[in-house]
Structures are given as C-alpha cells and as structure tokens.
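This report refers to the structure that appears directly beneath it.
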Amino acid sequence: MTADGRRSWRRPPLIADRRLRWLIYGGGLIYLVLALATLEVNWLRAWEGLGRGWAFVQSFLRPDFASRGPDILNGIIESLTMTVTATVAGMLVSVPIGIGAARNLVARPIYLLCRGIVALARALPEVIVAIFFVAMFGFGPFAGFLTLTFNTIGFVAKLLAEAIENVEHAQVEAIRATGASWAQLLNYAIQPQVMPRLIGLGLYRLDINFRESAVIGIVGAGGIGATLETALDRYEYDTAAAILLVIVGIVTLAESVSSHLRRWVQ
Amino acid sequence: MPLARPGDRRSWRHRTPRARLLLWFGWLALVALTVFAWEVMNRDTIWAFVADAPRQAADIGARMVPPRWSYLNELVWPLWETITIATLGTLLAVLLAVPIAFCAARTTTPSFVLIRPLALLVIVGSRSINSLIWGLLLVVVVGPGILAGILAIALRSIGFIGKLLYEAIEEIDLAPVEAVTATGASRLQILDYAIVPQVLPTLVGISVFRWDINIRESTVLGLVGAGGIGLKLEASLNMLAWPQVTTILIVILATVLVSEWVSARIRHAII
Numbered sequence: 385m386t387a388d389g390r391r392s393w394r395r396p397p398l399i400a401d402r403r404l405r406w407l408i409y410g411g412g413l414i415y416l417v418l419a420l421a422t423l424e425v426n427w428l429r430a431w432e433g434l435g436r437g438w439a440f441v442q443s444f445l446r447p448d449f450a451s452r453g454p455d456i457l458n459g460i461i462e463s464l465t466m467t468v469t470a471t472v473a474g475m476l477v478s479v480p481i482g483i484g485a486a487r488n489l490v491a492r493p494i495y496l497l498c499r500g501i502v503a504l505a506r507a508l509p510e511v512i513v514a515i516f517f518v519a520m521f522g523f524g525p526f527a528g529f530l531t532l533t534f535n536t537i538g539f540v541a542k543l544l545a546e547a548i549e550n551v552e553h554a555q556v557e558a559i560r561a562t563g564a565s566w567a568q569l570l571n572y573a574i575q576p577q578v579m580p581r582l583i584g585l586g587l588y589r590l591d592i593n594f595r596e597s598a599v600i601g602i603v604g605a606g607g608i609g610a611t612l613e614t615a616l617d618r619y620e621y622d623t624a625a626a627i628l629l630v631i632v633g634i635v636t637l638a639e640s641v642s643s644h645l646r647r648w649v650q
Numbered sequence: 050m051p052l053a054r055p056g057d058r059r060s061w062r063h064r065t066p067r068a069r070l071l072l073w074f075g076w077l078a079l080v081a082l083t084v085f086a087w088e089v090m091n092r093d094t095i096w097a098f099v100a101d102a103p104r105q106a107a108d109i110g111a112r113m114v115p116p117r118w119s120y121l122n123e124l125v126w127p128l129w130e131t132i133t134i135a136t137l138g139t140l141l142a143v144l145l146a147v148p149i150a151f152c153a154a155r156t157t158t159p160s161f162v163l164i165r166p167l168a169l170l171v172i173v174g175s176r177s178i179n180s181l182i183w184g185l186l187l188v189v190v191v192g193p194g195i196l197a198g199i200l201a202i203a204l205r206s207i208g209f210i211g212k213l214l215y216e217a218i219e220e221i222d223l224a225p226v227e228a229v230t231a232t233g234a235s236r237l238q239i240l241d242y243a244i245v246p247q248v249l250p251t252l253v254g255i256s257v258f259r260w261d262i263n264i265r266e267s268t269v270l271g272l273v274g275a276g277g278i279g280l281k282l283e284a285s286l287n288m289l290a291w292p293q294v295t296t297i298l299i300v301i302l303a304t305v306l307v308s309e310w311v312s313a314r315i316r317h318a319i320i
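Going down the list, the sequences are from chains A and R. Note that the numbering used here has the first sequence beginning at 385, numbered continuously upward. Note that the numbering used here has the second sequence beginning at 50, numbered continuously upward.
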C-alpha cells in the first residue's frame, strides 16, 4: 500500500518467508565479503600470465597434431580402451549390486551392505581413487581401468536400484501370482521393465568414463591426461591445444552418439 | 486364439528369429570389442605389480591408521580456501552462464545465425573439459594458487549451468509470455516478467547442485597446484605421510557429505 492509498502490485519474492529471506541474503553477503577479503591472489603474477593465456588461445588456431602424434595417438587409445573395458566391467558388477540395493527385492542386511558399497564408491572423487589404485597396482591404464570401474559401480548401481524400486507394481504382482520363484520374478517382471534404463545408463556412463579417463592420467593412471600434462609441462601449447581439441571432439561425438542411442532404446 | 493341440510345439516368444539373431550378434560384437580393448589396454601392464597389489594395499592400509588428528589445525585454512574456490567459482559461472543460456535458448536467442551456435559452442567446449584439466591449464596461465582454482571451477561450470538453464528456458510455459506481450511490453520486459520468474527456481536449483559438485571437485584441484586442501593432499602424498593422508581424506569426505546435505535441503525447499 502506498502513501496515497493506491494499491499497487509487486512481484512476489523468491523466498516467501521474510525472515528467512533476509537471513539468507545477509548470510550470503557476509560470507561473500569474508571470502573476498581472505582471497590471496598474486595479481602481478596473474597479470603477467595474461600474455601466456593469449598465446595459448592463439595456439588453438594452429594446433600441432604432428610433432607429438604418436604420444597423442597412444594416449587416446589408452583412454578409449580403458573406457570400454571399465564400462563393461562396471556394468557387470553393478547389476548384482544394484539389485541388492533395491529395497523391494532383498532382505534388509543385503540391502544395507549394497547401499554401503554404493555410498563408498560415490563418496570419493575419482582422482583420489585413482591415486590409491596407482599406488597399489602401479602406473598405467590398468589402475585407470579399476578407477573407472569403481566409479561406474557407484553411479550405475544407485540408479539401477532406484529404477527397480520404481517399477510398475502390477506386473510384479501378476508374475508373483503365477507362483514364480525370486529368480523368475526378477527375469520376467523386473528385467523387462528396467532393461531400457540399464542400457541407457551404460551408454551414458560410457560417455562419462571417457571424460574421466582424460583426467586420471594426471595422477599416473594412463590415458590422454598424462600426455596433456607432459605437453603443458614442456610449455608446448600447440600440442596441448591439439590434445584438447581431440578430447572435445571425442566427447562431443560420444555424447551425441550416446544420446541418440539412448533415445532409440527408450 | 485356439488352444494349442497336443504335439504342437509352437510357443510364444518375445522376439522374432531375426530380431533374436541381431541381438545375439550385437552382444557378440560387444564381447569382441571388450576383449580387444582389454588386450590393447594391457599390452604394457606388468602383472607382477598387479599380483603384488593386495600386499601393497595392506601395507598402505597399515600405514594409514591411525590418522594424525593433530594435523587438523593445518587443514582449517586450506578447507576455507576450498570452499571459497567452489563458491566463488560457482558464482562467477552463474554470472557468465545466464547470458549465454539466454543466447542459446531457441525461445530467447537474439540471432539464430551467429549468436546461438556461438553460445552452444561455448557450452560444449566448457562441458567437455574437466575442471582438473582447466586447472592444469590455468595454473600455467595465471600461476598456481586459488585464482586458478576459481577460474577452473567457473569455466567448467559455465557449460553445465548454461546447458541445463537453456533447456529450462526452452521448456517454459508460453502463456505468460503471450500475456505479457499483449500488454505491450518490450522484449526486455517480457524477459523480466514472463521468462525470468519461470526459470529462476530452476536456476537456483541448478546452481546449488553445481556448487555441491564443485565442492567435491575443488578438493582435488590442489593436485595440479590450483589451491585448496588438494595442495595438502599432494604434499602429504609426496612425503608418504600416510597418517596425514587419512586425516585429509576424512576431512574431504565430511565436507562432501555436508555440502551434499546442504544442497539437498536447499533444493528440497525450492522445488
């Protein structure tokens, strides 16, 4: 209501509760001030870096695929093979764990055990997992394969369990009414309903695993990431640009293929 | 359908023979590809190291306990840095991603010929490169430290936030847009009164979700020198100070869990 008594419309705020709104705004502002005040940045170094940054941007216009060609090819092959094997292995392990983590199918202790495995596989960043696998299994793509498999399990098993928990109940009851065993129930009532979802998850994970495979090389787990780090350490921006372009190209390709296939399956 | 006569062995099958054959070949191809990839991947694998892994694991495990709790004091500041990296990086990404999303959405883009493809290119480029790789690049460009971390998180998040936001913009209800247009509103006013209110909750949801992912990613950015608790992890790993590594991992896990909880609560409150 304004002073002269005319009522005017005001748009409703995002957070309806006024006290909560001011609390969030105020808290956010205080945090922001504190964060900016404690920011330790060497602006001089950053300023000097701008020239280098510009050189790097320019190197994208003339990427050098040739002079480290064999290294790049090797890294890409490692990344791709790691992606394929880890996705397949991860899916194979995820299915039993995913079934075990579905509340409507299994006994309580098994459910808790499988949920525990899923939570563990999801909690740690993949790079840290990779560090441990490298320490245990030595450098190279085998450690990367294990890392990607481990993370695939956390991802696929969780989503598979959710898909199983959300299946249409009518079919389950119908199959159960025929006197089917637990395995038959799984095969005839659950599996047909979640199979498209499972294949979709596998394709999606294939795409994610390739992205991850480009990263874990930084800690020694094989793949294109190691090649990239070497190139940057040597200040070979043209080669680094070429590697990045290859990564972006494959990721884009994988993503579009995976999303088309998923649409076709579902 | 008449009942099957005795001796009639036909039974119901889910797929035609042709479909079954195709499916069978599909699986065969997958198995062949996997075996081939496995062979290529393990050309240089030293199996003696793999066989030795359980012993190594037991060895590392034994060195890791008990965690060195006194090291916690030294982790307070790096943890604050990590949270700052994630938060400021997300904020910066939101600021940059919003205009890009509006340029990329079919319903709001100013130009289909030039600006939309450009915005989509930015989104794709940003999304396909992991924040750790952005960190690797930015450490070379702006020098090691927290600034490289913030920029790495921001550059990676632009694509994520931009993509989800522009998809949300394309899916808005067009009725309010028409209603506001009918009042004679300008393009900017349509944006302000008809489109923004529809996507604002989504934007907040996406940002909080990304912030949660960013906390997780910023914990390891230090491995490439981009600031935060990862620096301590790298240092402890290099010194083989396993009890410190355990302490850091516990702190990282706790941070990730807390941020996940906070983000879930906020998203729950909005949606």
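Cβ coordinates follow ideal geometry from the N, Cα and C atoms, glycine included. As the structure is a computational prediction, the values presented were derived from the model and not from experiment.
{"Item": "Proximity below 8 Å, CB of Ile239 of chain R to CB of Val253 of chain R", "Value": "no"}
{"Item": "Contacts that Arg265 of chain R makes with chain A (C-beta to C-beta distance below 8 Å)", "Value": "Pro509"}
{"Item": "Check whether Gln2 of chain R and Ala519 of chain A have beta carbons under 8 Å apart", "Value": "The requested residue 2 of chain R does not occur in the structure, where chain R is confined to residues 50 to 320."}
{"Item": "Residue range of the alpha helix (DSSP H) that includes Phe161 of chain R", "Value": "Looking at the DSSP string, Phe161 of chain R is not in any alpha helix (DSSP H), and its letter there is neither H nor E."}
{"Item": "Supposed contact pair Ala86 of chain R and Thr469 of chain A - C-beta distance, whole angstroms, cut 8 Å", "Value": "5 Å"}
{"Item": "Contact with chain A by Ile182 of chain R, beta-carbon distance below 8 Å", "Value": "yes"}
{"Item": "As assigned by DSSP and simplified to three states, the class of Ser443 of chain A", "Value": "helix"}
{"Item": "Straight-line gap, Gly586 of chain A to Val540 of chain A (C-alpha atoms, nearest Å)", "Value": "8 Å"}
{"Item": "Beta-carbon gap between Ile627 of chain A and Ala610 of chain A smaller than 8 Å", "Value": "no"}
{"Item": "Neighbour flag for Asn179 of chain R against chain A, beta carbons, 8 Å", "Value": "yes"}
{"Item": "Per-residue contacts from Ile195 of chain R into chain A (C-beta, under 9 Å)", "Value": "Leu423, Glu424, Val425"}
{"Item": "Interface residues of the region 90-105 of chain R facing chain A [CB-CB below 7 Å]", "Value": "Met90, Asn91, Asp93, Thr94, Ile95, Phe98, Val99, Ala102, Gln105"}
{"Item": "Near-chain A residues of the region 281-302 of chain R (beta-carbon distance less than 8 Å), N- to C-terminal order", "Value": "Leu282, Leu286, Leu298, Ile301, Leu302"}
{"Item": "Pairwise C-alpha distance: Pro103 of chain R and Gly633 of chain A", "Value": "38 Å"}
{"Item": "Every unbroken alpha helix (DSSP H) inside the region 445-487 of chain A [4 residues or more]", "Value": "453-484"}
{"Item": "Residues in the region 428-448 of chain A having any Cβ partner in chain D nearer than 7 Å", "Value": "In the structure shown, chain D cannot be found, because the protein chains are A and R."}
{"Item": "is_contact[Ala36 of chain R, chain A] using C-beta, thresh 8 Å", "Value": "The requested residue 36 of chain R is not part of the displayed model; chain R covers only 50 to 320."}
{"Item": "Residue burial classification, Ala545 of chain A (beta-carbon count within 10 angstroms, cutoff 16)", "Value": "buried"}
{"Item": "Cα-Cα separation, Leu121 of chain R to Gly208 of chain R", "Value": "35 Å"}
{"Item": "Which listed residue (A:Leu570, A:Ala503, A:Gln568) has its alpha carbon closest to that of Gly538 of chain A", "Value": "A:Ala503"}
{"Item": "Residue environment, Glu462 of chain A, which counts as buried when at least 16 other CB atoms sit within 10 Å", "Value": "buried"}
{"Item": "DSSP-derived helix/strand/coil call for Asn91 of chain R", "Value": "helix"}
{"Item": "C-alpha gap between Met385 of chain A and Arg394 of chain A, whole angstroms", "Value": "Note on Met385 of chain A: pLDDT 45, under 50, position unreliable in the model; the coordinate value appears next. Their backbone Cα atoms lie some 10 Å apart in a straight line."}
{"Item": "Own chain residues within Cβ distance below 7 Å of Arg316 of chain R, not counting five before or after", "Value": "Gly254, Val257, Phe258"}
{"Item": "Contact residues within the region 530-552 of chain A, judged by C-beta distance below 7 Å to chain R", "Value": "none"}
{"Item": "Collapsed DSSP secondary structure at Arg165 of chain R in the structure displayed", "Value": "helix"}
{"Item": "Where the alpha helix (DSSP H) through Phe523 of chain A begins and ends", "Value": "It is not in any alpha helix (DSSP H) - Phe523 of chain A carries neither H nor E in the DSSP assignment."}
{"Item": "Rounded separation between Thr645 of chain A and Arg390 of chain A - CA only", "Value": "For the record, residue 645 of chain A in the displayed sequence is Leu; it is not Thr. Computed Cα separation, rounded: 59 Å."}
{"Item": "Three-state secondary structure assigned by DSSP to Asn426 of chain A", "Value": "coil"}
{"Item": "Straight-line Cα distance separating Val307 of chain R from Leu612 of chain A", "Value": "33 Å"}
{"Item": "Endpoints, alpha helix (DSSP H) assigned at Glu227 of chain R", "Value": "223-231"}
{"Item": "Partner residues on chain R for Arg595 of chain A, Cβ-Cβ distance less than 8 Å", "Value": "Ser177, Asn179"}
{"Item": "Secondary structure, alpha helix (DSSP H): runs of 4+ residues fully inside the region 573-627 of chain A", "Value": "575-600, 608-617"}
{"Item": "Whole-number beta carbon distance between Val603 of chain A and Val511 of chain A, since they are thought to touch under 8 Å", "Value": "6 Å"}
{"Item": "CA-to-CA distance, Ile134 of chain R to Ser180 of chain R, given in whole angstroms", "Value": "12 Å"}
{"Item": "Identity of the residue in A:Ala605, A:Met579, A:Glu549 nearest Tyr495 of chain A by Cα", "Value": "A:Glu549"}
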